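A.B. asks: According to the UniProt record's numbering, the sequence shown holds residues 1 to 101 in order.
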Amino acid sequence: MIWFQSGRALDAFCQPFAPVVRELKSDPPSLTGEEWNSLEGKAAKVLLADQLSRSCFRGCAEAFSYDPIARRAGDTQPRSHHRMARKTGHDQGRQWPRIHQ
1 MIWFQSGRAL
11 DAFCQPFAPV
21 VRELKSDPPS
31 LTGEEWNSLE
41 GKAAKVLLAD
51 QLSRSCFRGC
61 AEAFSYDPIA
71 RRAGDTQPRS
81 HHRMARKTGH
91 DQGRQWPRIH
101 Q
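So this is what it looks like as C-alpha cells:
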C-alpha cells in the first residue's frame, strides 16, 4: 500500500492534491458546506492537512504548516454525531481519530 510509504512515488501521487491542500488556508474558507462539515468531510480535511501536506510540500516548511488545521478538524465532531449515536446505538466518537496529541 503506497499510503504508508514515502518517497518520490507517493509525492508524485499526491501532487495533484496540492491546490486542495492549500484551500484549507483560503480566506474566506472555500472547503465549506454540508459535505465538508460531515464526519467524512472532516476526516478528509485531517488527511489533507496531516498527510497529503507532507508529500505535497516535502522539504518545505509548508509541509508542517497545516498541523493546526488538522488538529482543529480532528478535535471537532459533527453535530449529527450525537443524533446518530442515539438512533443507531453506535458511538462514532470512539472511532474519531485523535492526532498530534
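Backbone N, C-alpha and C define an ideal beta-carbon position, used for all residues, glycine too. Predicted model, so just to flag it, every value in this text is computed and none were measured.
Find the nearest neighbour of Ser26 within the set Gly74, Tyr66, Arg71, judged by alpha-carbon distance.
C.D. replies: Tyr66
A.B. asks: For Ile69 versus Ala49, is the C-beta spacing smaller than 8 Å?
C.D. replies: yes
A.B. asks: So, with DSSP's three-state summary, where would you put Leu31?
C.D. replies: coil
A.B. asks: Which value, in whole angstroms, describes the spacing of the CA atoms of Gly7 and Cys56?
C.D. replies: 11 Å
A.B. asks: Taking only the alpha-carbon atoms, compute the straight-line gap between Leu10 and Pro28 and give it to the nearest angstrom.
C.D. replies: 30 Å
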